[in-house]
Amino acid sequence: MAATATFNEKVVSVTFSDRFKSHYNHIWLRDNCHCKQCYHDVTKQRLLDTFKIPTDIQPSSVEVDHVSSFLKVVWNNDEHLSTFSLSWLKANAYNPLPPGNEDEDDDVDYGSYSPWNKKGLRYFTPEVEYDDVISTTDGVKDWVNKTSAYGFCFVQNVPVDPIKTKELIERITFIKPTHYGGFWDFTADMSKNDTAYSNIEIPLHTDGTYWSEAPGYQSFHLLKHNGTGGTTSLSDGFNVAYTLKLLNPKYFELLSTVPVDFHCAGEEDVFIQPVVSRPIIIVDEQNKDKVVQIRWNNSDRSVLKIPKSFYQMNSTAMNVDFVETFYKAISAFRELLHDDEQEMFYQLRPGQLLLFDNWRVLHSRTSFTGERRMCGAYYSKDDFISRYKTLNNKREDLVAEL
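Each residue of the sequence shown is one higher than the one before, counting from 187 in the numbering used here.
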């Protein structure tokens, strides 16, 4: 059947060729007009002043052009013509959602998520070759896609040189600067008052729990080590969080709802805590079953304070139980992170760069002896996802759904 459109005083109703029908508020349609007068075709930014649209705006006419597959709407206040492709309307339908999209949320959906443990990675390690990445876009795409799927990926045969390493890292996207700098090249000299700049053991953690936005991705390249120790371990925090939910839903709920503070206060002129405290396990606000970030660093965890929303006035026993349950929950979470079937161990070596998702994969380092020189950098989550999307999709397809 051919697509049709009708309207009343509130909505335009479109019935698509597959008989799916959705309704669109008049002001929503007018606000999303992409004509040259209302939308900048180069910058992809709205030119229309949304707040000058009459709240009671209505069409004077609607029509489906079956040749171009566009909906044409003429507005009653100024006879302005807005056109919308039927494919765009269906992709952005909201009342109701298109079939199959009822449970979808696309805030962080990009790529395939492949949970892992030691058994799953026994005969496979996500890796790419330096020459492929540095010289071809397909090599960058392979690197980005493997990192997206598994949460980490090695680049093999990297020149043991910080300049070449920085060039490699920048093949994906921009380096995220912090108070540690942009690209780091450091040894255990305590040039920064942080245990990362020491030779002591560092337990499994994610970086930047004390920032309002933790770095999305992190890279390490070991340039030199003339001693012993310094083994790196990785653990899939998403897999662990879902396992915790299956084994103890109460602990999962606690760790995904109770805000926890972290801090960075080692430097004389630095005192960082997040503007807004957030839980250790962060779930999608539209889909509470979906984990989107792990924030865990016991070394940087601040004093536990019972949030007002959880505090039981005049109930000492309940407040005591809350604190005890919290510590039981983080202990259970930590135990799963370090489970023999979950934690993977790698001895980094010169010429091998490790890139990992800092929102998903926790990392650790055993203590070490001797001189150990490391370099690396952070990416923001948004910049990495942008690169993923542009490598795996045609730009016109991405822009078409804006």
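Virtual Cβ for every residue (Gly too), placed ideally from N, Cα, C.
Note that this is a predicted model, so its numbers are computed, not measured.
Handout entry: Chain-order list of residues whose beta-carbon lies under 7 Å from that of Gly325 (same chain, five-residue window excluded)
Key = Cβ neighbours of Gly325 beyond the five flanking positions: Val314, Asp318 and Val319.
Practice task
Sort Leu490, Leu408, Asn331 and Cys224 by Cα distance to Asn578 and report the nearest one.
Solution key: In terms of Cα proximity to Asn578, the closest of Leu490, Leu408, Asn331 and Cys224 is Asn331.
Exercise for the section: Would you list the residues sitting across from Met530 in a DSSP beta bridge? Expected result: Beta-bridge analysis with DSSP links Met530 to Leu420.
Practice task
Would you mind stating whether Val585 and Lys327 have Cβ atoms separated by less than 8 Å?
Solution key: No. Outside cutoff.
Practice task
Kindly list the residues whose CB is nearer than 7 Å to the CB of Leu534, restricted to its own chain and excluding five residues on each side of it in sequence; keep chain order.
Solution key: Within the same chain, Leu534 has close Cβ partners Phe406, Leu408, Thr418 and Leu540.
Problem - Closest residue to Arg232 among Thr395, His220, Thr323 and Lys567 (Cα-Cα distance) - result: Considering only Thr395, His220, Thr323 and Lys567, the residue with the shortest C-alpha distance to Arg232 is His220.
Handout entry: As assigned by DSSP and simplified to three states, the class of Lys476
Key = Under the three-state reduction of DSSP, Lys476 is assigned to strand.
Problem - Buried versus exposed call for Val200 [16 or more other C-beta atoms within 10 Å across all chains shown] - result: Buried: at least 16 other Cβ atoms inside 10 Å.
Exercise for the section: Would you check if there are 3 or more beta carbon pairs closer than 8 Å linking the stretch 436-454 to the stretch 488-496? Expected result: Judged by Cβ distances under 8 Å, the stretch 436-454 makes contact with the stretch 488-496, as three or more pairs qualify.
Practice task
Report the partner residues of Gly367 according to the DSSP bridge assignment.
Solution key: Checking the DSSP bridge columns, you'll see Gly367 partnered with Thr364.
Problem - DSSP state of Phe206 mapped onto helix, strand, coil - result: Looking at Phe206 - three-state DSSP - the assignment turns out to be coil, as it is neither helix nor strand.
Practice task
Starting from Ser271, trace the alpha helix (DSSP H) both ways and give me its first and last residue.
Solution key: That residue, Ser271, is in no alpha helix (DSSP H); its beta strand (DSSP E) goes Leu267 to Ser271.
Practice task
Throw me the rounded Cβ distance for the Pro240 and Phe193 pair, which I believe falls under 8 Å.
Solution key: No, Pro240 and Phe193 are not in contact; Cβ-Cβ is about 16 Å, not under 8 Å.
Exercise for the section: With DSSP collapsed to three states, give me the class of Gly325. Expected result: Looking at Gly325 - three-state DSSP - the assignment turns out to be helix.
Problem - Extent of the continuous beta strand (DSSP E) to which Lys410 belongs - result: Its beta strand (DSSP E) spans residues Tyr403 to His411.
Practice task
Going by CA-CA distance only, name the one from Pro401, Ile213 and Cys339 that's closest to Glu195.
Solution key: When only C-alpha atoms are compared, the closest one is Ile213.
Problem - Three-state secondary structure (DSSP) of Asp292 - result: Residue placement at Asp292 cannot be trusted, given a pLDDT of 45 that sits under 50; what the coordinates show is reported in the next sentence. Asp292 falls in the coil class under three-state DSSP.
Handout entry: Reference Ser550, options Glu399, Thr269, Gly415 and Leu420, closest by Cα
Key = If we check each option's Cα against that of Ser550, Leu420 comes out closest.
Exercise for the section: Give me the Cα-Cα distance between Leu522 and Tyr280, rounded to the nearest whole angstrom. Expected result: Each residue's Cα considered, the two are about 39 Å apart.
Practice task
Please determine, among Pro493, Phe531 and Phe424, the residue with the shortest C-alpha to C-alpha distance to Arg481.
Solution key: Residue Phe424 is the option with its Cα nearest to Arg481.
Exercise for the section: Compute the distance between the beta-carbons of Ser203 and Ala189, then report whether it is under 8 Å. Expected result: The answer is yes: Cβ separation under 8 Å.
Exercise for the section: Run the CB neighbour count on Pro435, radius 10 Å, all protein chains shown included, and call it buried at 16 or more, exposed below. Expected result: Per the 10 Å Cβ criterion, exposed.
Exercise for the section: Can you check the stretch 515-588 for any alpha helix (DSSP H) of at least 4 residues that lies completely inside it and give the ranges in chain order? Expected result: For the stretch 515-588, whole alpha helix (DSSP H) runs of length 4 or above, ordered along the chain, are 567-578 and 581-586.
Practice task
Can you grab the Cα-Cα spacing for the pair Gln342 / Asn473, in whole Å?
Solution key: Here the alpha carbon of Gln342 sits roughly 37 Å from the alpha carbon of Asn473.
Problem - Length of the line joining the Cα atoms of Asn484 and His391 - result: Cα to Cα, the separation comes out at about 7 Å.
Problem - Arg308 CB to nearest heavy atom of the ligand ZN below 7 Å - result: For the ligand ZN, the structure offers nothing, since it holds no ligand at all.
Practice task
Assign Glu313 to one of three DSSP states: helix, strand, or coil.
Solution key: In the three-state DSSP reduction, Glu313 falls in the strand class (E or B).
Handout entry: Burial state of Met560, where buried means 16 or more other Cβ atoms lie within 10 Å
Key = Buried: at least 16 other Cβ atoms inside 10 Å.
Handout entry: Beta-carbon proximity list for Pro348, same chain, < 6 Å, skipping 5 on both sides
Key = Here the set comprises Asp371 and Cys561.
Handout entry: For Trp214, the first and last residue of its enclosing alpha helix (DSSP H)
Key = Residues His212 to Asp217.
Exercise for the section: Give the straight-line distance between the Cα atoms of Thr547 and Phe340, rounded to the nearest whole angstrom. Expected result: A quick correction: the sequence has Val, not Thr, at residue 547. Cα to Cα, the separation comes out at about 14 Å.
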